[in-house]
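Residue numbers for the sequence shown follow the numbering used here, beginning at 116 and rising by one. Just so it is clear, CB atoms sit at the ideal spot from N, CA and C, and this is done for glycine as well. Read through the structure below, which is laid out as structure tokens, and then see the notes.
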Amino acid sequence: MAKIPMKTPLVEIDGDEMTRVLWQWIKEELICPFVELKTEYYDLGLMNREATKDQITVDAAQAIKRLGVGVKCATITPNAQRVEEYGLSQMWKSPNGTIRSILDGTTFRAPIVVDCIRPFVPNWKKPITIARHSYGDVYKDTELRVAGPGTAKLVFEGADGSRTESEIFRFEGPGIVQGLYNIDRSIESFVRSCMEYALSAGEDLWFSAKDTISKTYDHRFKDIFAGIYESEYKARFEEKGIGYFYTLIDDAVARVIRSEGGFVWALKNYDGDVMSDMVATAFGSLAMMTSVLVSPDGCTEYEAAHGTVTRHYYKHRAGEATSTNCMATLFAWTGALKKRGELDGIAELSAFAGRLEQAAIQTIESGVMTKDLAAIAVGVEVKPVDSRGFIRAIREHM
Ligand code: NAP
Ligand code: MG
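Next comes the structure, spelled out in structure tokens:
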């Protein structure tokens, strides 16, 4: 059988530990036998970030800007213990943070849904994708503990010499006060990333906040969403048969629980932090959660939402069998190949990625799965396999 050709290379971003091992196996067993794989390779393994003084991370992000589509393996974000373990000269920053800031992107998290892993919410049939704005708000706040009576004020001193001042609260005793900010430019990028993602997924886009209470701050988010939708996206959404709608966050929470899933839910930074953990947990397993970074100009980087699975890697290094689930890492590859196929007009490539996803889902639905899923699967006779055994079983299904 002739291999499927590619035109533009994918930006391939290698990583660390157990996911680096899976990375190689996925390519060997599931991609290279079928696709004439073209990639521009960036090794973000911690030792190479050290050797290049982290320049490799910047280069990888710029390659995504240039080529449009990347696929990334999980990477270690060093802490003090890693600095010692790897003899690092510095505690290098999170590669995901670096790439996100260069691409100015938004991260979308979506679960892989299989029959035998039932969401805790029984009516959820399709994935719910969470888009979290990852800039400002409470993550960049300024807080004060008020010791006793006095007045807290919000003061803005314009670069033009203007000054506005409003009273926050007149304290009669001890308390606390908090200052938050966001900027239009970041919100606009967030909105465009969400609109691009919804178009590419062919799903409705919801945005929710608390504009009835936060009449200026949250209202600004709502207005920017509405403005960009009306002026840039409405026609494209209608053509694709999808919709955008805003609703209050309390109403959204109720609707999400009653829904069947199958939409993108955009949220402010804090709401997205909390709701993404809730939705991920309710769908069943971290190993089944994918993640895509989308820039406002439509560049994409696909990865797994989980980390490098350190505990399994140490077992693997000691020669023991492991039960690491490759689904999210595999879906990062298929997501990237599908997108590349769409952009380059290679229908075969996108179709192949779709078939590979189906084969992986059917493998699990036939009962063949790693231990993490075996523990929560229902309605199927489970045949547990190790990390490599699972990848081989997917290949047989292919
Ligand atoms: P983790 O790698 O996500 O693993 C935490 C635990 O979750 C594992 O020990 C395992 O549980 C389970 N798990 C996660 N993925 C699994 C999979 N594919 N198959 C089976 N079980 C899975 O998180 P971590 O141990 O906190 O972090 C390890 C390293 O990853 C850290 O250095 C961190 O900096 C990095 N990290 C990177 C990213 C990224 O690059 N996007 C994200 C998060 C963390 P059991 O041990 O109980 O089997
Ligand atoms: Mg969280």
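Return yes when the Cβ of I227 is within less than 8 angstroms of the Cβ of T396, no when it is not.
Going by C-beta atoms, T396 is not nearer than 8 angstroms to I227.
For a quick check, are the C-beta atoms of V424 and E165 less than 8 angstroms apart?
Taking 8 angstroms as the cut-off, the Cβ atoms of V424 and E165 do not count as close.
Flag R307 as yes when its Cβ comes closer than 7 angstroms to any non-hydrogen atom of ligand 1, and as no otherwise.
In this structure, ligand 1 has no non-hydrogen atom nearer than 7 angstroms to the beta-carbon of R307.
Pick out whichever of A324, T485, G494 has its Cα sitting closest to the Cα of G509.
Inspection of the sequence shows that residue 509 is occupied by Ile rather than by Gly. When each option's Cα is compared against that of I509, the closest is T485.
Can you give the Cα-Cα distance for E258 and S281, rounded to whole angstroms?
Looking at the two C-alpha atoms, the distance is approximately 17 angstroms.
On the CB-based measure, 16 or more other CB atoms within 10 Å of its CB, does T524 come out buried or exposed?
Nothing can be reported for residue 524, as the shown portion of the chain is limited to 116 through 513.
Can you look up F398 in the DSSP assignment and give me helix, strand or coil?
In this structure, F398 counts as helix in the three-state DSSP scheme.
Would you kindly work out how many angstroms separate the C-alpha atoms of T123 and L464, rounded to a whole number?
Looking at the two C-alpha atoms, the distance is approximately 12 angstroms.
Can the beta-carbon of T444 be found closer than 8 angstroms to that of L137?
Yes.
Quick one: using the 10 Å Cβ neighbour count with 16 as the cut-off for buried, is D256 buried or exposed?
Exposed, because fewer than 16 other Cβ atoms sit within 10 Å of the Cβ of D256.
Quick check: the Cα distance between A451 and R233, rounded to an integer number of angstroms?
Approximately 27 angstroms, taken between the alpha carbons.
Report the option in Y361, R373, L401 whose CA atom is closest to the CA atom of K383.
Ranking the options by Cα distance to K383, first place goes to Y361.
With a floor of 4 residues, list each alpha helix (DSSP H) that falls wholly inside the stretch 446-495, ordered by position along the chain.
Given a length threshold of 4 residues, each whole run of the alpha helix (DSSP H) inside the stretch 446-495 is given here in chain order: 462-480, 486-489.
Less than 8 angstroms separating the beta-carbons of V379 and L295?
No, they are not a contact pair.
What did DSSP end up calling Y385 once you bin it into helix, strand or coil?
Helix.
By Cβ distance below 6 angstroms, which residues in the same chain neighbour A489 in space, the five residues on each side in sequence not counted?
Correct list, in chain order: V497, P499.
So is S277 buried or exposed if we call it buried at 16+ other beta carbons inside 10 Å?
Exposed is the label assigned to S277, since fewer than 16 other Cβ atoms lie within 10 Å of its Cβ.
Apart from the five residues on each side of it in sequence, which residues of its chain come closer than 7 angstroms, Cβ to Cβ, to D219?
Exclusion of the five residues before and after D219 leaves S304, S410, P411 as the residues of its chain whose Cβ lies within less than 7 angstroms of its Cβ.
Under a three-way DSSP split, which group does K268 fall into?
The three-state secondary structure of K268, taken from DSSP, is strand.
So if DSSP puts T213 in a beta bridge, which residue, or which two residues, is it bridged to?
DSSP, once it has assigned bridges, lists no residue as partnering T213.
How long is the line joining the alpha carbons of H512 and E345, rounded to whole angstroms?
Within the model, the alpha-carbon separation for H512 versus E345 is close to 45 angstroms.
Helix, strand or coil: which one does DSSP assign to H333?
According to the sequence shown, residue 333 is Asp rather than His. If DSSP states are grouped into helix, strand and coil, D333 belongs with the helices.
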